[in-house]
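In full-length UniProt numbering, the protein residues as written are 1 to 374. A virtual CB, placed ideally from N, CA and C, is assigned to each residue, including glycine. As the structure is a computational prediction, the values presented were derived from the model and not from experiment. Quick notes on the structure that follows.
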Amino acid sequence: MLLNTSQKLYKTARHQQETAASAPTLVSLITLKLRSTGNKKTIGMADHFIEIKIPQQRNYNNINNSSPFPSVLSPNPATTATVSRLSEKVRTQKPFLDSLLLKAGSVLFRGFDDVKTAKEFNDVVEAFGYEELPYVGGAAPRTNIVGRVFTANESPPDQKIPFHHEMAQVPEFPSKLFFFCEVEPGSGGETPIVLSHIVYERMKHKYPDFVEQLEQHGLIYTRVLGEKDDPSSPIGRGWKSTFLTEDKSIAEERAARLGMKLEWMEDGGIKTIMGPIPAIKYDESRQRKIWFNSMVAAYTGWKDDRNDPVKAVTFGNGKPLPADIVHDCLNILEEESVAIPWQKGDVLLIDNWAVLHARRSFNPPRRILASLCK
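Quick look at the structure:
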């Protein structure tokens, strides 16, 4: 079987991955200095940020570029004091940050002492200017803290949350995610991330027939929701908070807009059926196919008193997924992932089109906040 170009690039990249230095070090002041463009001057990111290396980063070398994943930015000590807050730096450097996110897929802001609270995190989110996405249709129990900021998944600390693109099981999903570390974990609790196109390339190479079925049929997601939130479950969001209403007719209307079928249960809960919905998407901005689904998360993690994970996701034609391939996909996700220990004040920006994320179990305390953007 002939490998296509992306598969060849993947095989090359696998042998060229480099592990960063064993301790954080300054890489460079990015070479986007103050430059003249006609009568306009463009301020380079070196005025406010420096890029640093941390041990967990990975480098994927290909014919286009060599970009660390994720990119890690810290304050430039040489910057003037006129722009001191991260939110102000974001506003002045927004075009550069958008370009960096497109290239890297994820950007970690570390060492910005002015971001310590949920309110300050909310200021950073708003500085980017992305439109807010209402959390309708998602499975995770969350609590609104301030403005656009919510808790991350509130499931118990001993439970892992498998890899997924945020809200990949519904048509209206966020394009950007922000995470913020308000309280460092006692231990564990990382939010591993992985590049989606790398997962697609590996799965396509190893299981071409399986991927072809996914592309042809898509996936169906089935989940049973209680009436109220269940904090003991990673998918314990009740239907009232899922659809932001206590009115069944309004819930049905909002489900219909998502293309979701509802079946009301005798105990007041509902069964939601979503799909068929694509499992492989095409990232127009980067011009490549991506592994855009919650297959592994549903098959291995949608388990509680109401749900059987094996029945939670099937091919779009209703046929069951092969367990061995799903579990091997989980292995691939783990192999390709980057898991950076949280530090207080960290802000992690993720392009949901490019990157899947997960959560490792942890010892409390840990408080990670989140914000979703269209």
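Of the listed residues the options, nearest to residue i (C-alpha basis)
i	options	result
Gln57	Glu336, Pro208, Glu126, Asp346	Glu336
Ala370	Arg360, Phe362, Asp346, Arg286	Asp346
His205	Leu321, Ala168, Ile332	Ile332
Lys89	Ser71, Val125, Ile270, Val310	Val125
Ser67	Asp123, Ala104, Arg223	Ala104
Asp351	Ile161, Lys176, Val146, Ile54	Lys176
Glu131	Lys228, Lys160, Pro174	Pro174
Gln93	Arg142, Asp47, Lys303	Asp47
Pro70	Ile52, Ile368, Asp304	Ile52
Phe128	Pro95, Gly147, Ser285	Pro95
Asn122	Val170, Ser196, Arg85, Gly189	Arg85
Arg237	Asp304, Ala358, Ser196	Asp304
Leu102	Val326, Gln287, His327	Gln287
8 Å contact criterion, which residue i and residue j should meet: CB distance rounded
i	j	result
Leu330	Val296	5 Å
Val107	Leu372	That pair is no contact at about 16 Å.
Ser294	Gln159	Ser294 to Gln159, Cβ: 16 Å. No contact.
Ala255	Phe243	7 Å
Pro141	Glu154	5 Å
Leu262	Glu252	6 Å
Gln169	Ile235	Their Cβ separation, rounded to whole angstroms, is 10 Å, which puts Gln169 and Ile235 out of contact at 8 Å.
Beta-carbon gap between residue i and residue j smaller than 7 Å
i	j	result
Phe112	Pro75	yes
Gly275	Tyr221	yes
Trp239	Leu258	no
Val72	Ala118	no
Leu214	Ala152	no
Ile290	Tyr207	no
Gly316	Leu219	yes
Pro134	Pro364	no
Thr245	Met260	no
Pro192	Ala339	yes
Pro341	Glu182	no
Pro185	Arg366	yes
Met203	Val194	no
Residue i: first and last residue of the uninterrupted beta strand (DSSP E) it sits in
i	result
Val224	219-225
Pro162	161-164
Thr314	313-315
Glu182	176-183
Glu51	49-53
Lys271	270-277
Glu263	260-264
Ser371	367-373
Lys281	281-283
Arg288	288-290
Ile235	Counting along the chain, Ile235 falls outside any beta strand (DSSP E), and DSSP gives it neither H nor E.
Ser294	Run containing Ser294: none; DSSP gives neither H nor E here.
Val194	193-195
residue 375	The chain is shown only over 1 to 374; residue 375 falls outside these bounds and no answer can be derived.
Boundaries of the alpha helix (DSSP H) in which residue i is found, first to last residue
i	result
Tyr207	Tyr207 -> no alpha helix (DSSP H), and no H or E assigned at all.
Ser249	248-257
Residue i CB to nearest heavy atom of the ligand SAM below 6 Å
i	result
Ala118	Of ligands this structure carries none, so the ligand SAM is not represented either.
query: Where are the beta strand (DSSP E) runs, 3 residues long or more, that stay fully inside the stretch 77-157, in chain order?
result: For the beta strand (DSSP E) assignment, the uninterrupted runs of no fewer than 3 residues enclosed by the stretch 77-157 are, from N- to C-terminal side, 106-109, 144-146, 149-151.
task: Could you pull out every unbroken beta strand (DSSP E) segment of at least 3 residues lying fully inside the stretch 296-357, listed in chain order?
output: Within the stretch 296-357, the complete beta strand (DSSP E) runs of at least 3 residues are 313-315, 347-351.
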